[in-house]
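Have a look at the structure below before the remarks.
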């Protein structure tokens, strides 16, 4: 029975591991610190080939630092348009593709490419490798300005170039004698040994949706384990009927944080495992990484929100303030604003990390934000009015007051409205903007209370009787300890209707 191409490749790699290698790789630290020469098209090509050759030699000697050389070789690529979250995979995959393409082309002598002197004399900005669309170009701006790198267009088309030449054999003088890209995709030299991959059924080694078929069940199994554990941890979370938002006990906090903390760790592990061991490639990897990064930021945002809520409740308890008071609500508002600011900052960093156009998104949000601001004008007005009420403190929770002719006791002062409990025991909700605009009379803070009453006497009352009544009333008032004498007036007012 004939073996598949991957079986042959793995067998070749296994054989290479068992032969003695004559060329020794120099000290790792020396190569780690040595700069990659990209001063001209010739230097760039030589650097890429030399680093990949060292990677192959290191692999044949059984060392674990292969990716060190591959990453150094990737410094010859213009990866400026690759999102940071995808760059680790892209630099490895692109270099394996590029070296496989170069190894199939007719041998190119470095002397064919312009060196530093020719670049300086001719002011050269780009160079096409012989009869190909592979371009080495000078970087115009940014931290790598002046360097010659394989252009970003070339990097974007490497997979297409590889598909066009993969059926052709490598030349005898190839830098890497085995299939470098197949080596990368196979997962050899990770947790999956050559013997493990070679022992898989033939149909699992065939490509399916751009990946070796065996990677899909491995990926699905990993996702299923993560999802199962996450669902079990989510069930541990207390329901609202069991606990209040201000419960800051250790047990409740752990139960709340268990699931999101696990999702944060799981998303990081999935990204690491799919990059370093499964070695998912192409669009599949992009979707996987973007999905895990979104899961990461959502889980982290939940943890941050819960942490800030708990911090706010701790501050409120330390202030010995009632939970429903306006001071407590303002503390919560402050912590809530802090949460949204931090979340927005984290979202911006994450968006840039996965390649979202933050500038364009911000511009669109600016236009949409104007429409939202107009629609939410009354809400914002009430919010600002609520802050004004807090600053002026015309009323507090529990005060007896009158707002626009409505009298009652203040039950709550929220971010949008103020609630009064009337004398008829009804609850009246007044928008904060109306409270700020109308005349507000606070009865609870008055220093004295006017007692104004009229005592009616019969028309048959004689003047002496009138004087006697007035005298007795003055005597009663002057003798009361809570009546101020200087503002007291008791006298004959006039003749009534009866």
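In our numbering, the protein residues as written are 13 to 510.
The C-beta atom is built at its ideal place from N, Cα and C for all residues, glycine as well.
Self-check item: Whole-number beta carbon distance between residue 56 and residue 151, since they are thought to touch under 8 Å
Solution: So it is not a contact: roughly 11 Å between Cβ atoms.
Quiz item: What's the gap between the Cα of residue 88 and the Cα of residue 164?
Solution: 11 Å
Quiz item: Quick one, are the C-beta atoms of residue 424 and residue 441 less than 7 Å apart?
Solution: no
Quiz item: Leaving out the 5 sequence neighbours to the left and right, which residues in its chain are closer than 7 Å to residue 185 when beta-carbon positions are compared?
Solution: 119
Practice problem: Report the residue ranges of all alpha helix (DSSP H) runs contained in full by the segment 401-455; include only those spanning at least 4 residues, in chain order. | Solution: 444-449
Quiz item: DSSP three-state call for residue 137: helix, strand or coil?
Solution: coil
Quiz item: What residues in its chain sit with their C-beta under 8 Å from that of residue 113, if we drop five residues either side in the sequence?
Solution: 146, 170, 173, 174, 177
Exercise. Starting from the C-beta of residue 500, find all residues in its chain whose C-beta is less than 7 Å away, skip the five residues before and the five after it, and write them out in chain order.
Key: 489
Quiz item: So, helix, strand or coil for residue 263, using DSSP?
Solution: helix
Quiz item: residue 482: which of 463, 472, 502, 496 sits nearest, CA to CA?
Solution: 502
Practice problem: Take the Cβ of residue 227 as the centre, count every other Cβ of all protein chains shown within 10 Å, and call the residue buried at 16 or more, exposed below. | Solution: buried
Quiz item: Since residue 150 sits in a beta bridge, which residues does DSSP pair it with?
Solution: 160
Practice problem: Provide the residue span of the alpha helix (DSSP H) that contains residue 294, from first to last. | Solution: 294-330
Practice problem: Report the residue from 316, 321, 278 whose alpha carbon sits nearest the alpha carbon of residue 300. | Solution: 278
Self-check item: Cut-off 6 Å between Cβ atoms - residues of its own chain near residue 58, not counting five sequence neighbours on either side
Solution: 122
Exercise. Would you mind listing the alpha helix (DSSP H) stretches within the segment 42-125 that are 4+ residues and don't spill past its ends, in chain order?
Key: 53-72, 78-85, 96-116
Exercise. Just tell me which of 75, 361, 453, 392 has its CA closest to the CA of residue 95.
Key: 361
Quiz prompt | Euclidean distance between Cα positions of residue 190 and residue 216 | solution = 21 Å
Exercise. Pull up the distance between the alpha-carbon of residue 36 and that of residue 188, whole angstroms please.
Key: Confidence at residue 36 is low in this model, with a pLDDT of 41, below 50, so the placement of that residue should be treated as unreliable; the coordinate-derived value is given next. Their backbone Cα atoms lie some 16 Å apart in a straight line.
Exercise. State the beta-bridge partners of residue 220 as determined by DSSP.
Key: 223
Exercise. Identify, in the order they occur along the chain, each residue of the same chain with its Cβ nearer than 8 Å to the Cβ of residue 390, setting aside the five sequence neighbours on each side.
Key: 443, 445
Quiz item: With burial defined as no fewer than 16 other Cβ atoms inside 10 Å of the residue's Cβ, what is the status of residue 309: buried or exposed?
Solution: buried
Quiz item: Where does residue 61 land, buried or exposed, given buried means 16+ other C-beta within 10 angstroms?
Solution: buried
Exercise. Would you kindly check if the distance between the Cβ of residue 305 and the Cβ of residue 354 is under 7 Å?
Key: no
Practice problem: Please report the Cβ distance between residue 99 and residue 91, rounded to the nearest whole angstrom; I am assuming they are in contact, meaning their Cβ atoms lie under 8 Å. | Solution: 6 Å
Quiz item: In the structure shown, what three-state DSSP assignment does residue 181 receive?
Solution: coil
Practice problem: Grab me the residues of residue 311's own chain with a C-beta within less than 6 Å of its C-beta, minus the 5 sequence neighbours each way, in chain order. | Solution: 272, 275, 276
Practice problem: Return the Cβ separation of residue 129 and residue 183 in integer angstroms, given the expectation that the two are a contact with Cβ distance under 8 Å. | Solution: Actually they are not in contact, since the Cβ atoms of residue 129 and residue 183 sit about 29 Å apart, beyond 8 Å.
Quiz item: Given a threshold of 16 other Cβ atoms within 10 Å of its Cβ, counted over all protein chains shown, does residue 351 qualify as buried or as exposed?
Solution: buried
Practice problem: Check whether the Cβ atoms of residue 450 and residue 415 sit closer than 7 Å, and answer yes or no. | Solution: yes
Self-check item: Whole-angstrom C-beta distance between residue 194 and residue 292, which should lie under 8 Å
Solution: Contact flag wrong, Cβ pair sits at about 15 Å.
Quiz prompt | Beta-carbon contacts of residue 136 that lie in its chain and below 6 Å, excluding the five residues immediately before and after | solution = 126
Quiz item: Among 168, 405, 159, which residue has its Cα nearest to the Cα of residue 132?
Solution: 159
Quiz prompt | Per-residue burial, residue 461 [other beta carbons within 10 Å of its own, 16 or more giving buried] | solution = exposed
Quiz item: Exposed or buried, which one is residue 266 when buried takes at least 16 other CB atoms within 10 Å?
Solution: exposed
Quiz prompt | Selection from 419, 437, 432, 448 that minimises the alpha carbon distance to residue 400 | solution = 448
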